[in-house]
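Heads up: the structure comes next, in structure tokens.
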Amino acid sequence: MTINNDQTYIDKVLKGDTNAFSILVEKYKGMIFTLALKMLKSREEAEEISQDTFIKAFKNLNKFKGEAKFSTWLYKIGYRACLDNLKKNKEKYKTGTIDEITINKIKSTEGILEGIERKERAEIINTCMMSLPEDERSILWMFYFEELSLKEIIELTEFSESNVKVKLHRARKRLLTIVEKKVEPELIKHYGRK
Numbered sequence: 000m001t002i003n004n005d006q007t008y009i010d011k012v013l014k015g016d017t018n019a020f021s022i023l024v025e026k027y028k029g030m031i032f033t034l035a036l037k038m039l040k041s042r043e044e045a046e047e048i049s050q051d052t053f054i055k056a057f058k059n060l061n062k063f064k065g066e067a068k069f070s071t072w073l074y075k076i077g078y079r080a081c082l083d084n085l086k087k088n089k090e091k092y093k094t095g096t097i098d099e100i101t102i103n104k105i106k107s108t109e110g111i112l113e114g115i116e117r118k119e120r121a122e123i124i125n126t127c128m129m130s131l132p133e134d135e136r137s138i139l140w141m142f143y144f145e146e147l148s149l150k151e152i153i154e155l156t157e158f159s160e161s162n163v164k165v166k167l168h169r170a171r172k173r174l175l176t177i178v179e180k181k182v183e184p185e186l187i188k189h190y191g192r193k
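Here the sequence shown is numbered in numbering that gives the first Met the number 0, starting from 0 and rising by one per residue.
This is the structure:
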């Protein structure tokens, strides 16, 4: 489905065919749910935020001007809803600070990960990403998994370009620290049994 197809369905909804919105929901529900799950770490809250995002998008569809892609506009609504939820539940989502790491540690961690099966790597990275602060986790997710451009991330988050770049850099470093701390003990435990 192309961007033009999105506009076709948007036009249908605005002309009174509310059923056309279900096609947009079907197309983007996975994207919004994944964003919410990554930011909130709770399946139940992610489902709730996903529903809220689509309700808000439906109610404000007449405000969509087509200056950005519909998916970007929708993503921004979901992102803001997640931030609002995080602010409301600040204590619940507190994360600790992580020590800075050196280049040698990054290289050794990358070497360790190469020895782990692909599926295990994906599970470890996902678990480790959930330990990152919300803003860093969401920017990493947008950049690497949603493959949004820096321009799109800046538009969504309303952070400056330099702020996004700094957060992306910090998030990578923190993630590698977390991976190193998680992977080494698991490898020792795994290979120690043999």
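Quick reminder that beta carbons are idealized off the backbone N, C-alpha and C, glycines included.
Computed from a predicted model, the values in this text were never measured in an experiment.
N-terminal and C-terminal residue of the alpha helix (DSSP H) that residue i is part of
{"i": "Glu-210", "result": "Coverage of the chain is limited to positions 0 through 193, which leaves residue 210 absent and any answer about it impossible."}
{"i": "Lys-150", "result": "149-156"}
{"i": "Ala-80", "result": "69-87"}
{"i": "Gly-29", "result": "20-39"}
{"i": "Ser-137", "result": "133-139"}
Straight-line Cα distance separating residue j from residue i
{"i": "Thr-17", "j": "Asp-5", "result": "14 angstroms"}
{"i": "Leu-155", "j": "Lys-180", "result": "32 angstroms"}
{"i": "Leu-149", "j": "Val-12", "result": "31 angstroms"}
{"i": "Ile-97", "j": "Ile-138", "result": "Legend: pLDDT at Ile-97 = 39, less than 50; position of this residue unreliable, value from coordinates given subsequently. Distance between the alpha carbons of Ile-97 and Ile-138: 18 angstroms."}
{"i": "Ile-102", "j": "Ile-152", "result": "With a pLDDT of 44 at Ile-102, under the threshold of 50, the modelled position of this residue cannot be trusted; read the value that follows with caution. About 27 angstroms."}
{"i": "Ser-21", "j": "Ala-80", "result": "20 angstroms"}
{"i": "Phe-57", "j": "Val-24", "result": "10 angstroms"}
{"i": "Ile-9", "j": "Lys-55", "result": "14 angstroms"}
{"i": "Gly-65", "j": "Lys-40", "result": "31 angstroms"}
{"i": "Asn-59", "j": "Lys-14", "result": "14 angstroms"}
{"i": "Val-165", "j": "Cys-127", "result": "19 angstroms"}
{"i": "Ala-19", "j": "Lys-26", "result": "12 angstroms"}
{"i": "Thr-7", "j": "Phe-69", "result": "11 angstroms"}
{"i": "Ile-177", "j": "Ala-170", "result": "10 angstroms"}
{"i": "Ser-159", "j": "Tyr-143", "result": "19 angstroms"}
{"i": "Arg-42", "j": "Lys-86", "result": "18 angstroms"}
{"i": "Ile-100", "j": "Asp-51", "result": "Only weak support is given to the placement of Ile-100: the predicted model assigns it a pLDDT of 40, under 50, and the value that follows is read from those uncertain coordinates. Each residue's Cα considered, the two are about 39 angstroms apart."}
{"i": "Ile-105", "j": "Ser-161", "result": "Any reading at Ile-105 is ruled out, since the residue's pLDDT is 45, under 50, leaving its predicted position unreliable."}
Top-ranked residue by Cα proximity to residue i, from the options
{"i": "His-168", "options": "Trp-140, Lys-180, Glu-157", "result": "Trp-140"}
{"i": "Lys-172", "options": "Leu-60, Ile-76, Asn-59, Ser-130", "result": "Ser-130"}
{"i": "Glu-44", "options": "Val-24, Asn-84, Glu-157, Phe-158", "result": "Asn-84"}
{"i": "Glu-135", "options": "Thr-126, Phe-144, Val-163, Lys-14", "result": "Val-163"}
{"i": "Ala-35", "options": "Val-165, Lys-166, Glu-133, Gly-15", "result": "Glu-133"}
{"i": "Asn-88", "options": "Val-165, Tyr-143, Ala-170, Met-38", "result": "Met-38"}
{"i": "Glu-157", "options": "Leu-82, Lys-26, Ser-49", "result": "Leu-82"}
{"i": "Glu-145", "options": "Thr-71, Thr-52, Ala-67", "result": "Thr-71"}
{"i": "Leu-174", "options": "Ser-161, Phe-142, Ile-124", "result": "Ile-124"}
{"i": "Phe-53", "options": "Leu-147, Ile-76, Arg-42", "result": "Ile-76"}
{"i": "Leu-147", "options": "Ala-67, Thr-176, Arg-42", "result": "Ala-67"}
Cβ-Cβ separation, residue j to residue i (assumed contact under 8 angstroms), whole Å
{"i": "Glu-47", "j": "Phe-32", "result": "Not really, about 10 angstroms apart at Cβ, beyond 8 angstroms."}
{"i": "Tyr-74", "j": "Met-30", "result": "7 angstroms"}
{"i": "Lys-62", "j": "Ser-49", "result": "Wrong, their Cβ atoms sit about 20 angstroms apart, outside the cutoff."}
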